[in-house]
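Heads up: the protein sequence lines correspond to chains E and C, in order.
So for the first sequence, this note's numbering puts the first residue at 175; every next one is plus one.
So for the second sequence, this note's numbering puts the first residue at 18; every next one is plus one.
Glycine included, C-beta positions come from ideal geometry on N, C-alpha and C.
Being a predicted model, the structure only gives us computed values, none of them experimental.
Only one structure is covered here, and it is reproduced in the block below.
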Amino acid sequence: MGRGPSELQAQVLAADLCTACGACLGHCPYLKTLGERVAFIHPCPRDEGRCFEVCPRASLDPESLDRQVLGAPRRHPVLGGHDGLYFARALDADVRARGQYGGVATALTLFALESGLAGAALVTGGTPTRQPHAVVARDRDAVLAAAGTKYSACPTLEPLAGLLREGGEALAVVGRPCQVAAARKVEAHEKNGRLAALIGIFCFWALAPAFYRFLAGRPDLQRAIKMDLPKDGDMAFVVNGRAASVPLDEIRPLIRAACQTCFDPTAEWADVSVGSTEYDPAWNTLVVRTARGRDLVERAGAAGALEVRPYPPERIPILEEAVQRKKLRVLDALESGRPEAAYLRIPAAQRDAVRAHGRA
Amino acid sequence: MSLHALSTDAPGEVVILSGNEAIARGGLEAGLGYAAAYPGSPSSEVLGSLAPLARDGGFYAEWSTNEKVAIEGAAAASFAGVRAMTVMKADGLNVALDPLTSLAYSGTKGGLVVVVCDDPGAHSSTKEEDTRYLARACHLPLLEPATVEEAKEMTRWAFDLSEAVGLPVFLRSVTRIAHARGSVVLGALRPPPRTARYDLKDRFITLSVFHQVLHQRIAQARARFEQAPFNRCEGPADASRLVIASGPSFTYAREAVRLLGAGDEVRVLKLGTTWPLPEDLLGAQLRGARQVLFLEEIEPFLETEVKSYWAQHAAALGPMTFLGKASGHVAGSGDPGVGELTPEIALRAVGALAGREVALRSEAFARKVEQVKLGELAPRALAFCPGCPHRASFWAIKAALELDGRQGVVLGDIGCYTLGAMQTGYFTLKTVHAMGSGVGLASGFGKLDLLGFTQPVVAVIGDSTFYHAVVPALVNARYNDSPVLVVVLDNATTAMTGHQPHPGTGRHAMGDLAPALPIEAIARGLGLPTEVQDPLQVDETVESVYRLLRTDGAKLLILRSPCVLLPSVKRLRRAAVDTTRCIGEACGCGRFCNRAFSCPALVWDRALERARVDEVLCSGCGVCIDLCPREAIAFQELA
Numbered sequence: 175m176g177r178g179p180s181e182l183q184a185q186v187l188a189a190d191l192c193t194a195c196g197a198c199l200g201h202c203p204y205l206k207t208l209g210e211r212v213a214f215i216h217p218c219p220r221d222e223g224r225c226f227e228v229c230p231r232a233s234l235d236p237e238s239l240d241r242q243v244l245g246a247p248r249r250h251p252v253l254g255g256h257d258g259l260y261f262a263r264a265l266d267a268d269v270r271a272r273g274q275y276g277g278v279a280t281a282l283t284l285f286a287l288e289s290g291l292a293g294a295a296l297v298t299g300g301t302p303t304r305q306p307h308a309v310v311a312r313d314r315d316a317v318l319a320a321a322g323t324k325y326s327a328c329p330t331l332e333p334l335a336g337l338l339r340e341g342g343e344a345l346a347v348v349g350r351p352c353q354v355a356a357a358r359k360v361e362a363h364e365k366n367g368r369l370a371a372l373i374g375i376f377c378f379w380a381l382a383p384a385f386y387r388f389l390a391g392r393p394d395l396q397r398a399i400k401m402d403l404p405k406d407g408d409m410a411f412v413v414n415g416r417a418a419s420v421p422l423d424e425i426r427p428l429i430r431a432a433c434q435t436c437f438d439p440t441a442e443w444a445d446v447s448v449g450s451t452e453y454d455p456a457w458n459t460l461v462v463r464t465a466r467g468r469d470l471v472e473r474a475g476a477a478g479a480l481e482v483r484p485y486p487p488e489r490i491p492i493l494e495e496a497v498q499r500k501k502l503r504v505l506d507a508l509e510s511g512r513p514e515a516a517y518l519r520i521p522a523a524q525r526d527a528v529r530a531h532g533r534a
Numbered sequence: 018m019s020l021h022a023l024s025t026d027a028p029g030e031v032v033i034l035s036g037n038e039a040i041a042r043g044g045l046e047a048g049l050g051y052a053a054a055y056p057g058s059p060s061s062e063v064l065g066s067l068a069p070l071a072r073d074g075g076f077y078a079e080w081s082t083n084e085k086v087a088i089e090g091a092a093a094a095s096f097a098g099v100r101a102m103t104v105m106k107a108d109g110l111n112v113a114l115d116p117l118t119s120l121a122y123s124g125t126k127g128g129l130v131v132v133v134c135d136d137p138g139a140h141s142s143t144k145e146e147d148t149r150y151l152a153r154a155c156h157l158p159l160l161e162p163a164t165v166e167e168a169k170e171m172t173r174w175a176f177d178l179s180e181a182v183g184l185p186v187f188l189r190s191v192t193r194i195a196h197a198r199g200s201v202v203l204g205a206l207r208p209p210p211r212t213a214r215y216d217l218k219d220r221f222i223t224l225s226v227f228h229q230v231l232h233q234r235i236a237q238a239r240a241r242f243e244q245a246p247f248n249r250c251e252g253p254a255d256a257s258r259l260v261i262a263s264g265p266s267f268t269y270a271r272e273a274v275r276l277l278g279a280g281d282e283v284r285v286l287k288l289g290t291t292w293p294l295p296e297d298l299l300g301a302q303l304r305g306a307r308q309v310l311f312l313e314e315i316e317p318f319l320e321t322e323v324k325s326y327w328a329q330h331a332a333a334l335g336p337m338t339f340l341g342k343a344s345g346h347v348a349g350s351g352d353p354g355v356g357e358l359t360p361e362i363a364l365r366a367v368g369a370l371a372g373r374e375v376a377l378r379s380e381a382f383a384r385k386v387e388q389v390k391l392g393e394l395a396p397r398a399l400a401f402c403p404g405c406p407h408r409a410s411f412w413a414i415k416a417a418l419e420l421d422g423r424q425g426v427v428l429g430d431i432g433c434y435t436l437g438a439m440q441t442g443y444f445t446l447k448t449v450h451a452m453g454s455g456v457g458l459a460s461g462f463g464k465l466d467l468l469g470f471t472q473p474v475v476a477v478i479g480d481s482t483f484y485h486a487v488v489p490a491l492v493n494a495r496y497n498d499s500p501v502l503v504v505v506l507d508n509a510t511t512a513m514t515g516h517q518p519h520p521g522t523g524r525h526a527m528g529d530l531a532p533a534l535p536i537e538a539i540a541r542g543l544g545l546p547t548e549v550q551d552p553l554q555v556d557e558t559v560e561s562v563y564r565l566l567r568t569d570g571a572k573l574l575i576l577r578s579p580c581v582l583l584p585s586v587k588r589l590r591r592a593a594v595d596t597t598r599c600i601g602e603a604c605g606c607g608r609f610c611n612r613a614f615s616c617p618a619l620v621w622d623r624a625l626e627r628a629r630v631d632e633v634l635c636s637g638c639g640v641c642i643d644l645c646p647r648e649a650i651a652f653q654e655l656a
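Here you go:
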């Protein structure tokens with residue numbers, strides 16, 4: 175079987191399994207994106223291509239990614255490899271105000287840039303009610319302007335290939351789990367150590383671009399500056415300092431199809447993963463996964479950018495259960511032979527471990 | 018062409034003219050006062066020759082918005098007693114047909130000649146139509162010149178006929194007359210009198226009661242055709258083998274008879290007045306004939322008419338064998354009624370009639386021709402010119418549709434951009450019909466949502482087409498709220514037919530300034546959201562098309578960039594490949610510039626194994642600069 179553009183088109187793009195991570199873009203003139211959709215604008219004549227190789231939906235092999243990132247098999251079947259689980263928040267008031275919850279992703283990105291760890295950061299810019307866009311941030315203003323969660327699938331990695339080709343500065347990437355996995359696949363090919371920090375964002379699903387058309391019909395929400403999806407709640411908006419909400423049942427049909435078969439809601443191959451606590455909106459959940467991640471968090475803490483406290487033990491099962499539920503749904507799809515889950519190469523032992531988790 | 022040769026008043030002088038110029042000269046010798054045309058190959062040079070002479074010649078010439086308006090304007094002149102001519106290609110006649118069929122009923126006054134140039138073989142047309150059927154349907158007399166010289170004479174004569182019978186008269190030319198050159202003996206120029214006036218006793222009313230009058234007028238035309246100088250017979254009067262030929266086929270027939278040495282046994286009847294048939298003349302010529310061969314373009318029109326005449330008079334004429342398209346003796350590209358009639362076909366057919374054979378070319382020569390055709394000539398597809406903005410437009414439309422991902426349908430129209438249906442336009446166009454049809458079709462597709470249709474619909478039209486026939490379709494789409502995107506490829510001219518001005522250009526046929534009617538002003542006047550974009554800015558164009566595809570209702574996008582062949586478009590710079598940045602096949606782009614985008618100026622340098630820009634062909638549009646993934650192409654200023 176070939177591993178190139180035709181396969182990417184047949185198995186991912188035409189099958190509506192593309193997560194719009196953006197990793198396939200920028201390698202060639204054939205693949206382009208608009209409106210969070212990636213497409214070949216002209217038939218590519220090649221049999222093989224980087225586009226296919228870096229696609230997290232062409233195939234995803236958790237075992238080999240674990241080996242690549244952790245150098246060892248995973249130690250946690252549900253949350254992925256990690257050596258620390260925390261509540262964390264930014265100490266800078268601006269960052270907390272602009273960022274999501276405790277502003278940890280924004281704080282870490284800023285620290286990576288300001289400490290010289292990275293020369294540029296790939297982040298997702300825009301306001302919550304307009305289609306977001308990829309941003310190559312090189313300073314505090316650009317990072318702050320892009321702070322806050324966006325709820326659709328921005329191809330943030332679009333500039334990555336070009337940046338790596340041009341050479342030079344080390345890069346930080348803030349992305350959804352699919353984008354972190356893709357960045358690791360890129361890293362496997364590049365092997366130049368220029369991906370200095372991968373900051374993953376928890377993501378249980380992204381919305382399709384139809385969400386913005388939905389919002390266009392809701393003038394009351396168009397000027398929202400923040401959006402949130404509280405656990406088991408409706409979609410919440412902050413508009414002019416006031417709260418508004420949309421019932422989740424109206425939002426659910428707008429979920430991007432590809433996200434239904436995502437096996438990785440917590441960005442298991444990031445250096446650190448950041449998410450909601452589903453508990454205290456002033457804080458983030460912070461998962462430290464790699465030595466590089468540990469180093470980043472410790473240095474950011476020492477520099478006064480970040481405040482970290484232990485994850486409340488009673489909250490851990492709640493987080494694990496949410497992630498496990500999603501994984502089990504996808505395992506069911508995989509095992510019932512649904513083609514949209516066929517990209518996953520999950521060994522039997524790992525499947526069993528996901529199923530067995532928490533049942534002891 | 019020499020305007021001098023066309024306008025010189027030197028009776029008896031012999032000059033070389035094209036068929037279209039000869040027709041124009043025929044008008045000038047007939048006292049032409051009003052000429053109106055819509056361009057269309059092979060007819061365009063008739064008005065193109067007249068217009069520069071109009072001011073000094075004291076007559077009026079215009080490029081009309083479409084053929085229907087052209088014939089109506091010419092009819093007005095006729096009603097005012099002025100000799101008038103209208104010129105169009107076969108497809109244009111379809112547009113003009115409604116007023117023409119009415120004019121047949123109402124009658125006309127000043128000589129009104131309708132010049133229609135058919136295009137056998139469709140060298141520069143999308144269809145291959147035979148005007149003679151429509152002349153018959155209109156009940157209007159039709160003349161068919163066989164030579165350039167005769168085209169001039171016939172035009173002059175047609176004005177007299179028109180005034181004698183009170184009807185418009187067709188002059189049916191074909192490509193091999195229109196674009197051929199021949200010697201023409203000039204007659205005296207006749208400036209039009211300045212006596213245009215509508216006599217209030219005159220009435221030109223279309224009413225069914227005039228059907229009968231029309232038949233009487235056609236009978237008068239038939240009577241005049243019996244004496245017309247354009248019908249004649251060559252060869253022995255008692256020959257039982259007869260060729261009936263019209264148009265350039267007559268010259269092929271004469272040549273074939275000579276080559277076959279069959280002059281003693283084959284007679285050739287040349288018919289220049291092909292509808293209505295001069296029946297007395299025909300009857301006289303058929304008497305004694307036992308085998309009759311028809312040579313004509315395109316359809317078997319004379320063949321059918323003559324057979325019908327024979328059936329009516331079979332008892333007197335006796336048994337006869339007919340050779341022609343129906344019998345399979347005369348066929349164009351495979352089928353009867355398809356393609357041009359060539360001298361080879363005529364030679365074979367006359368050979369069959371005479372029972373003789375002769376090769377037009379030696380076998381060795383024929384073999385050599387085949388060899389060159391098959392082996393040594395590179396096959397080349399029809400392509401947009403280097404730097405043509407249409408290529409960029411189709412690239413952007415195609416890209417936007419792929420990115421949109423809803424299987425959008427692109428509907429074509431008539432112009433250079435019809436090539437969008439072919440490889441040079443990335444096979445983007447899925448339909449091609451008549452002028453304006455793309456928008457009418459789009460309007461229809463747009464209303465199929467009720468029936469489950471979810472694909473976006475784009476109509477691609479040209480600027481001249483916009484004025485010609487698109488406006489009513491746009492009104493329809495707007496009125497019926499059909500969610501279509503109409504993309505106007507505005508290259509500031511009627512490019513395909515030779516850069517004639519149109520209502521948007523701010524110029525008249527006679528060269529003076531005209532009020533320009535901007536497309537966007539008209540579209541906005543219809544309440545259509547309208548945007549203007551330079552198609553050479555590819556990314557921006559893709560985004561515009563993409564965004565508009567996703568908006569409701571009918572809307573218009575003007576992709577505006579002048580035709581690179583316009584004299585006013587100066588080439589100030591060209592693109593050049595930096596061979597240190599282009600890494601050839603190692604890039605992995607798959608020769609994106611010359612293979613995918615495929616502008617003819619982008620070539621592959623086999624020696625260097627790099628892309629190269631042909632410095633002669635490049636017009637400096639710069640699109641390839643934006644498309645190259647390695648930024649290996651850059652502008653080079655020209656001194």
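(message) What does DSSP give as the partner residue(s) for C:M105 in the beta ladder?
(response) Bridge partners of C:M105: C:V133.
(message) Against chain C, which members of the segment 450-465 of chain E pass a CB distance test of less than 7 Å?
(response) Residues of the segment 450-465 of chain E that bring their beta carbon within less than 7 Å of a beta carbon in chain C are absent altogether.
(request) Could you check the C-alpha separation between C:V724 and E:T323 for me, to the nearest Å? (result) One cannot answer for residue 724 of chain C here, as it falls past the ends of chain C, which runs 18 to 656.
(request) Output the distance between the C-alpha atoms of E:L182 and C:T510, rounded to the nearest integer angstrom. (result) In this structure, the alpha-carbon of E:L182 lies about 43 Å from that of C:T510.
(request) Verify whether the separation of the beta carbon atoms of E:I399 and C:K415 is less than 8 Å. (result) No. Outside cutoff.
(message) Using only the alpha-carbon positions, how far apart do C:A213 and C:F187 sit?
(response) A straight-line Cα-Cα distance of about 23 Å links C:A213 and C:F187.
(message) Would C:E393 and C:G264 qualify as a contact pair, given that the criterion is a beta-carbon distance under 8 Å?
(response) The answer is no: Cβ separation not under 8 Å.
(message) Short of 9 Å Cβ to Cβ, which residues in the segment 420-439 of chain C face chain E?
(response) Hits within the stretch, in order: L420, D421, G422.
(request) Could you name each continuous beta strand (DSSP E) segment of 3 residues or more that falls completely within the segment 246-318 of chain C, going from the start of the chain to the end? (result) Qualifying beta strand (DSSP E) stretches, in chain order: 249-251, 258-262, 283-287, 290-292, 308-312.
(message) Which same chain residues end up closer than 7 Å to C:Y215 when comparing Cβ atoms and leaving out the 5 residues on each side of it in sequence?
(response) Hits under 7 Å: F96, A97.
(message) Suppose only complete runs of 4+ residues qualify. What are the alpha helix (DSSP H) ranges in the segment 315-347 of chain E, listed by chain order?
(response) Fully enclosed alpha helix (DSSP H) runs of 4 or longer: 334-340.
(message) Counting only Cβ-Cβ distances shorter than 9 Å, please list the residues of the segment 116-146 of chain C near chain E, keeping chain order.
(response) Answer in chain order: no residues at all.
(message) Could you tell me the alpha carbon to alpha carbon distance between C:L299 and C:V283, rounded to whole angstroms?
(response) Note on geometry: alpha-carbon atoms of C:L299 and C:V283 lie some 16 Å from one another.
(message) I'd like to know whether the C-beta of C:L644 is nearer than 8 Å to at least one C-beta of chain E.
(response) Answer yes: the Cβ-Cβ gap between C:L644 and chain E drops below 8 Å somewhere.
(request) Put C:M18 into one of helix, strand or coil per three-state DSSP. (result) With a pLDDT of only 48 at C:M18, under 50, the local geometry of the prediction cannot be trusted, and no value is derived from it.
(message) Measuring alpha carbon to alpha carbon, tell me which residue in C:D297, C:D219, C:L303 is nearest C:P253.
(response) The candidate whose alpha carbon is nearest that of C:P253 is C:L303.
(message) Can you look up E:I425 in the DSSP assignment and give me helix, strand or coil?
(response) Look at E:I425 here: in three-state DSSP terms it is helix.
(request) Determine, using beta carbons only, whether C:P603 and C:C641 come nearer to each other than 8 Å. (result) Reading off the sequence shown, one finds Ala at residue 603 of chain C, where the question assumed Pro. No; because the gap between Cβ atoms is not below 8 Å, this pair is not in contact.
(message) For E:L182, would you say it is in contact with chain C, using Cβ-to-Cβ distances shorter than 8 Å as the test?
(response) The beta carbon of E:L182 does not come within 8 Å of any beta carbon belonging to chain C, so the residue lies off that interface.
(message) If I measure Cβ to Cβ from E:A382 and keep anything under 6 Å in the same chain, skipping five residues before and after, which residues do I get?
(response) Counting only Cβ-Cβ distances below 6 Å, and skipping sequence neighbours, we find L428, R430.
(request) Find the residues of chain E that neighbour C:F411, judging by a C-beta separation of less than 8 Å, and give them in chain order. (result) Within chain E, no C-beta atom comes nearer than 8 Å to that of C:F411; the closest sits roughly 11 Å away.
(message) Which residues does DSSP list as the beta-bridge partners of C:L172?
(response) Note that residue 172 of chain C is Thr in the sequence shown here, rather than Leu. Answer is none; C:T172 lacks a bridge partner.
(message) Using 8 Å for Cβ pairs, my map puts C:V133 next to C:R189. What's the rounded Cβ distance?
(response) With a beta-carbon spacing of about 6 Å, C:V133 and C:R189 fall inside the 8 Å limit used to define contacts.
(message) Between which residues of its own chain and C:S410 is the CB-CB distance below 6 Å, once the five residues before and five after are set aside?
(response) Non-local beta-carbon contacts of C:S410 in its own chain, meaning distances under 6 Å to residues more than five positions away in sequence, involve L506, P552, L576 in chain order.
(request) Counting only the same chain and skipping the five closest in sequence on each side, list residues whose C-beta sits under 7 Å from that of C:L206. (result) Non-local C-beta neighbours of C:L206 in its own chain, meaning closer than 7 Å and more than five positions away in sequence, comprise D26, L45, E46, ordered along the chain.
(request) Quick one: grab the DSSP three-state call for C:H346. (result) Taken through DSSP and simplified to helix, strand or coil, C:H346 comes out as coil.
(message) Contact criterion: CB-CB distance below 8 Å. Does E:C218 meet it with respect to chain C?
(response) It does: the Cβ of E:C218 has a partner Cβ on chain C nearer than 8 Å.
(message) Taking the straight line between their C-alpha atoms, what separation do you get for E:Y579 and E:C352?
(response) Because chain E in this structure spans residues 175 to 534, residue 579 of chain E falls outside the shown range and cannot be described.
(request) Run down chain E in chain order and give the residues with a C-beta less than 7 Å from the C-beta of C:C606. (result) Ordered by position in chain E, the residues that pass the 7 Å Cβ test against C:C606 are C202, P203.
(message) Suppose contacts are defined by Cβ-Cβ distances below 8 Å. Is C:V657 in contact with C:V427 by that definition?
(response) Outside the displayed span of chain C (18 to 656) sits residue 657 of chain C, for which this structure offers no information.
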